[in-house]
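One structure is given here, and the rest of the page talks about it.
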Amino acid sequence: MLDKTLAELAQGLATGEFSSVELTQNYLDRINAEDGKLNSFITVTPEQALAQASAADQRRAAGNADAFTGLPIAHKDIFCTQGVRTSCGSKMLDNFVSPYNATIVEHFNQAGAVSLGKTNMDEFAMGSSNESSFYGPARNPWNTDCVPGGSSGGSAASIAGGLTPAATGSDTGGSIRQPAALCGITGLKPTYGRVSRYGMIAYASSLDQAGPMTRTAEDSAMMLNVMAGFDPKDSTSLDRPVPDYTLTLNDSLKGLKIGLPKEFFSDDIDPQITIQVQNAIREFEALGATVKQISLPNTHLAIPAYYIIAPAEASSNLSRFDGVRYGYRCEDPTDLEDMYKRSRGEGFGEEVKRRIMVGTYALSEGFYDAYYKKALQIRRLIQQDYVTALSEVDIIMGPTTPHPAFKLGEKTADPVTMYMEDIFTLSLNLAGMPGISVPCGFANGLPVGLQMIGNYFAEERLLNAAHQFQQATDWHTQTPGQ
Amino acid sequence: MEWEAVIGLEIHAQLATKSKIFSGASTAFGAEPNTQACAVDLALPGTLPVFNAEALRMAVLFGLAIDAEIGYTSVFDRKNYFYPDLPKGYQTSQLFHPIVGTGYVDLELEDGTVKRVGVTRAHLEEDAGKSLHEEFPSMTGIDLNRAGTPLLEIVSEPDMRSAEEAVAYVKKIHSIVTNLGICDGNMAEGSFRCDCNVSVRYKGEEAFGNRTETKNINSFRFIEKAIKGEIIRQIDILEDGGYITQETRLYDANKDETRSMRSKEEANDYRYFPCPDLLPIVIDDDYVNQLRDTLPELPDARKARFIEQYQLSDYDAMVLSAYRDLSHYFETVANTAGDAKLAANWVMGELSKLLNQNDTEINASPVSAEQLGGLLLRIKDNTITGKIAKQVFEAMWAGEGSADEVIESKGLKQVTDSGAIEAMVDDVIAANQPQVDQYVNAEPDKRGKMIGFFMGKVMQASQGKANPGQVQGLLKQKLDALANG
């Protein structure tokens, strides 16, 4: 039961093969038994989960179940959950119990989903390895000496480890796609504005986007059906109709035009990854797609631009954590300034402080034009690269990451090396388009991710292509040995 | 060398929206602390702002009222600084692209000249909460009810040269925003407050001196006093060979002086940048033109109309046109009584006196405009004298009924029966022989003044009810007859 997909579990619930309470209890037992090794959850909510499961079973008995009723999921601990600690992976919010639900949490509750708990993450979503979490790193189920990726590392590890069939994630520079790739699961970053950000603790507001993390593309379609849509509480969410993403999964890929940017196939990439990605692309050709070389000429500027824009926004977004109204406050402050300095100094971890400082500097008087304004100009160039490329092809493909999962501690000493792991993912956040990572093979026994990028609101096409690939391959069905 | 002051003002007008600028919480004043602060106002993690379009409407109306450029694309920026009553650690404001650009107002000065003062810009922003330092020993209380209240910050050019001009400007803006109905103008509650930038220089110099900014002054009188005091302070320092520190100052109304709050050297770098949670506000001509059609009559236009329509003096027209409620009251009285001059005198005289004495707003006046108009009708038709009317008005104010009811119940009806008046006149002449002799022996051109004595006696005898015109006529006739005997 624990290796099943959401679609399969939904079938089991519908046919009465098992109840939501039984299903939920199974996952809770599994978390209890296995999460000591993976550390993929920050908070597990068994009582709430079983109550939701019981309500879902009643709803089903009353004939009111819909597609998601009774299905267990987990939420990244960046989403506010009413009555449940919402830590964002930080000591700063270790004591914060949210009085309200994020919009997407509310959507899942309405749909009758069961929340098993809150998954581990890099502190305030800043990191690519889950090592910046105040609660210690989550570990990669394929090799527990390795990182699961980040920042949604707990979500990815818990799915790969069979502790939940699906989880929510958030992606500011690759935080869904990169851990999905490293843990051998499917992860979708939707178009900016497709999913409400209300209640998702902000890291970099103009880049943050919530999305599904699942075993399969079909499951991601089911999740996105619940998550997507306009939210009057989020001015940056877009008022566009939401299709049923499961309806187009089986469309033919005949004539699909795939673009391969030469910048995504450089020599810096692990050669085994390149091989697996090339094999995957041959699979798409077999499914009727055509392939052409393209260029995204400003790709090399994505990391510098990102590491101005994201920290700049973060430096402002994280100002609210001041020890005044909620969250961590230092012991016995002597005055206001002491309270600010020690509450923030003690409450934030190293990586968060680094980015606050970088962002503060970039926005400072006299530096704004040279850094922030310049970065916004580069952002437009990168966006233009994608717009141009996607006027010629339907989907851009390449590796999700340059390397498979690395060892814990391997890159923590050098932040820039760590930042380079997001080289293929973060330009997409700057452009605002959707991207999905699907498993496409292994390198040294560790999963490899194929990234597919589509135009604005091309989630249907991406999920369709990913699903067709998964119908033709079995990488997504592989699970780590126990 | 003669000194000259240079004054520029920043006015914060709280917009009269029902809910806050970025949340649905109420903006009502005076609730229990932190009962009108929702998740967004508290800056709970994950919350996002949603712009209140009503604030936009009000800001654009103001722009149209001062003939300003309207920002067809305006953008919210974050002004970053830490303060306990600033929940997000930044204030959402508009630095680079404000909703209202350059405009102006015309001030009428006491010497009758008109001075044009430029408005540099007006932008939308959110108010902060309040820090309460006194109520909790060694701690500070935070009340976030006010956090997120919409403000229109109106920035003037440094065009004013005296405290009087500054106050005239503030009054003008006050009258515009209240006439537009976009601000309640309540200065005591902080709905309308003013930061004064003051510097001095030698008259004729082009360069500005170092300026100070005196923050959050909340009455017209304090603005005048604070600026006057600050000008004198700066001149004293400069004449002693000193140097003006560019700094923020606070006005202490109790001591009538300003004192230093913080100097510019320790000021924040606010690290402004466009707020990524809010989209740019884009408006078009249709929107602006629709609002233009809803513009109410503004004080300048109304003043011109009052002069034209009611033949009021320039001064009376200015006073009566400044505020919508007052103007409306006056016009109702004038139309009811059919006499604008009389209405103007009463509204600016007796009515204003009682309103001030009782600290009452005109729309809470216990005597309605229709009632006052009714009273004036009784003066005009000679039912009562002007003097008796004041007595009647006070009774009306005290709730004793309409003019007719008071006149009736108190028996104040004027005596116009010429027989009765003649009898009283004869009695007074007979009873005051010495004064009659004086009158008779006086030079003719001195007699006019002397008649007042007899007037008083007759009016006294009639308990004020005799028609003064008739009394005067009869007295003159009879006394002159004696004199010319």
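Heads up: the sequence lines are chains A and B, in that order. Here our numbering is used: the first residue of the first sequence is 1, the next is one more, and so on. Here our numbering is used: the first residue of the second sequence is 1001, the next is one more, and so on. In this text, a Cβ means the ideal position worked out from N, Cα and C, and glycines have one as well. These numbers come from a predicted model, not from an experiment.
Query: Here's the rule: buried if 16 or more other CB atoms are within 10 angstroms of the residue's CB, otherwise exposed. What is Lys-1488 (chain B)?; Result: Outside the displayed span of chain B (1001 to 1485) sits residue 1488 (chain B), for which this structure offers no information.
Query: Could I get the ranges of all uninterrupted beta strand (DSSP E) runs contained in the region 201 to 234 of chain A, with 3 residues as the minimum, in chain order?; Result: 209 to 214
Query: Between the region 321 to 334 of chain A and chain B, which residues of the former have CB atoms less than 9 Å from a CB of the latter, in chain order?; Result: Phe-321, Asp-322, Val-324, Arg-325, Tyr-326 and Gly-327
Query: Between the alpha carbons of Pro-165 (chain A) and Asp-1127 (chain B), how many angstroms are there, rounded?; Result: 46 Å
Query: Enumerate, from N- to C-terminal direction, the unbroken alpha helix (DSSP H) stretches of 4 or more residues contained entirely within the region 385 to 444 of chain A.; Result: 415 to 420 and 426 to 431
Query: Following the continuous alpha helix (DSSP H) through Trp-1346 (chain B), name the residue where it begins and the one where it ends.; Result: 1340 to 1346
Query: Among B:Asn-1052, B:Leu-1355 and B:Asn-1432, whose alpha-carbon lies nearest the alpha-carbon of Lys-233 (chain A)?; Result: B:Asn-1052
Query: Along the beta strand (DSSP E) that carries Met-1318 (chain B), what are the first and last residues, could you check?; Result: No beta strand (DSSP E) contains Met-1318 (chain B), which is instead part of the alpha helix (DSSP H) from 1314 to 1321.
Query: What residues match up with Gly-1181 (chain B) in a beta bridge as DSSP calls it?; Result: In DSSP, Gly-1181 (chain B) forms no bridge with anything.
Query: Tell me where the alpha helix (DSSP H) around Glu-106 (chain A) begins and ends.; Result: 103 to 111
Query: If the cut is a Cβ gap below 9 Å, which residues of chain B does Asp-244 (chain A) touch?; Result: Simply none; closest approach about 27 Å.
Query: For His-75 (chain A) versus Val-105 (chain A), is the C-beta spacing smaller than 8 Å?; Result: yes
Query: Counting pairs of beta carbons, one from the region 404 to 415 of chain A and one from the region 457 to 469 of chain A, are three or more of them closer than 8 Å?; Result: no
Query: Can you give me the C-alpha to C-alpha distance between Cys-183 (chain A) and Ala-443 (chain A), rounded to a whole angstrom?; Result: 12 Å
Query: Distance check for Ser-1074 (chain B) and Glu-8 (chain A), CA to CA, integer angstroms please.; Result: 50 Å
Query: Ignoring anything shorter than 4 residues, give me the alpha helix (DSSP H) runs that lie fully in the region 1202 to 1263 of chain B, in order along the chain.; Result: 1220 to 1239
Query: Taking its Cβ as the centre, do 16 or more other Cβ atoms sit within 10 Å of Gly-153 (chain A), making it buried, or is it exposed?; Result: buried
Query: Could you give the residue range of the alpha helix (DSSP H) that holds Thr-1332 (chain B)?; Result: 1324 to 1337
Query: Using a Cβ-Cβ cut-off of less than 8 Å, give me the residues of the region 1277 to 1311 of chain B that come near chain A, in sequence order.; Result: Asp-1277, Leu-1278 and Leu-1279
Query: How far does the beta strand (DSSP E) with Val-1006 (chain B) in it extend, from its first residue to its last?; Result: 1003 to 1014
Query: Going by CA-CA distance only, name the one from A:Gln-278, A:Thr-24 and A:Arg-194 that's closest to Leu-116 (chain A).; Result: A:Thr-24
Query: Beta-carbon within less than 6 Å of Leu-6 (chain A)'s beta-carbon, same chain only, minus the 5 sequence neighbours each way: which residues are those?; Result: Leu-71, Pro-165, Ala-166, Asp-219 and Met-222
Query: Terminal residues of the continuous alpha helix (DSSP H) containing Phe-321 (chain A)?; Result: It is not in any alpha helix (DSSP H) - Phe-321 (chain A) carries neither H nor E in the DSSP assignment.
Query: Could you give the distance in angstroms between the alpha-carbon of Ala-1322 (chain B) and the alpha-carbon of Met-1396 (chain B)?; Result: 26 Å
Query: To the nearest angstrom, report how far apart Glu-1331 (chain B) and Phe-1192 (chain B) are at their CA atoms.; Result: 27 Å
Query: Got a sec? Which residues, its chain only, sit under 8 Å from Leu-1295 (chain B) by beta carbon, not counting five neighbours each side?; Result: Leu-1061, Leu-1064, Ala-1065 and Leu-1180
Query: Within a Cβ cutoff of 6 Å, which residues of the same chain sit near Leu-238 (chain A), ignoring the five residues on either side of it in sequence?; Result: Gly-193
Query: Quick one: which chain A residues come within Cβ less than 8 Å of Pro-1084 (chain B)?; Result: Asp-322, Val-324 and Leu-336
Query: Return the Cβ separation of Glu-34 (chain A) and Gly-161 (chain A) in integer angstroms, given the expectation that the two are a contact with Cβ distance under 8 Å.; Result: 6 Å
Query: Note down, in chain order, every chain A residue with its Cβ under 8 Å from the Cβ of Ala-1039 (chain B).; Result: Pro-99 and Tyr-100
Query: For Tyr-1243 (chain B), count neighbouring C-beta atoms within 10 Å of its own C-beta (all shown protein chains included) and say buried if the count is 16 or more, exposed if not.; Result: exposed
Query: From what residue to what residue does the alpha helix (DSSP H) around Pro-447 (chain A) run?; Result: It is not in any alpha helix (DSSP H) - Pro-447 (chain A) instead sits in the beta strand (DSSP E) that spans 446 to 453.
Query: Which chain A residues are close to Phe-1051 (chain B), counting only those with a beta carbon under 9 Å from its beta carbon?; Result: Ser-235
Query: Provide the residue span of the alpha helix (DSSP H) that contains Ala-27 (chain A), from first to last.; Result: It is worth fixing the name first, because residue 27 (chain A) is Tyr in this sequence and not Ala. Counting along the chain, the alpha helix (DSSP H) containing Tyr-27 (chain A) begins and ends at 20 to 38.
Query: Ala-1043 (chain B) versus chain A: which residues are under 8 Å apart at the beta carbon?; Result: Arg-320 and Arg-325
Query: Comparing the C-beta of Asp-1269 (chain B) with each C-beta of chain A, is any distance below 8 Å?; Result: yes
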